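Enquirer: Got a structure here, written out as structure tokens. Questions coming.
Residue numbers (my numbering): 3 to 196.
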């Protein structure tokens, strides 16, 4: 045996090679379990993000459709024709031909027949192009309408029961898609009513 001063001779039995070292079974199992936990947490976060995005897209679509319907309701109802009597102008059954909680038909200031009708079976609000009947001459204004109500108000803020008493028209509706719903309300005073 050779002796070196200050240095010891390399002996493979005393200093095993690093090439032979590996991972133990316990270390492999621990890594797999940790990666599994991290994967579950990450997938949950990704799933929640995708679900939130989908929900917001549905709500955005409902809001967009609802706003367009509100604007169209306001634009058309503001143009209801009335009968002048001195300085006042009130409507009559000549100009508002039907006023129920789900349907409003009228003649506008351009003498065109118009109206709106809610069909609960089809969940639609339709724009009518006739003052006498909506069937056959209507376009779907919005879909996914789960409820719709017209309310007719007098000048003193009570409910109007006669055509001549109508001063303001309120429309409220709810749109639903899946589990998401949006409510819309509008109060319209026809321009010609004085």
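Using N, Cα and C, we set each Cβ at its ideal position, and we do this for glycine too. In this text the structure is predicted, and so the values were computed from the model without any measurement.
1. For residue 173, which three-state DSSP category applies?
2. Have a look at 191, 75, 133 and flag the residue whose alpha-carbon is nearest the alpha-carbon of residue 96.
3. Would you give the residue range spanned by the beta strand (DSSP E) that residue 38 belongs to?
4. According to DSSP, is residue 167 part of a helix, a strand, or is it coil?
5. So is residue 67 buried or exposed if we call it buried at 16+ other beta carbons inside 10 Å?
6. Compare the beta carbon distance of residue 129 and residue 106 with 8 Å and say whether it is the shorter of the two.
7. In terms of residue numbering, what span does the beta strand (DSSP E) encompassing residue 150 cover?
8. Count Cβ pairs between the region 114 to 122 and the region 154 to 165 that sit closer than 8 Å; are there 3 or more?
9. Using 8 Å as the threshold, is the C-beta distance between residue 64 and residue 182 below it?
10. How about residue 184: is its Cβ closer than 7 Å to a heavy atom in the ligand SAH?
11. Of the choices 131, 180, 45, 139, whose alpha-carbon is the least far from that of residue 145?
12. Report all residues from its chain with a CB closer than 8 Å to the CB of residue 91; omit the five preceding and five following residues, and keep chain order.
13. Please classify residue 93: does DSSP put it in a helix, a strand, or coil?
14. Using only alpha-carbon positions, find the residue among 111, 57, 139 that is nearest to residue 119.
15. Check residue 183 in the structure and name its three-state DSSP category.
Expert: By the coordinates alone:
1. strand
2. 133
3. Residue 38 -> not in any beta strand (DSSP E); alpha helix (DSSP H) instead, spanning 27 to 79.
4. helix
5. buried
6. no
7. 147 to 155
8. no
9. yes
10. For the structure depicted, the ligand SAH is absent and the ligand set is empty, with no information on it obtainable.
11. 180
12. 84, 85, 194, 195, 196
13. coil
14. 139
15. strand
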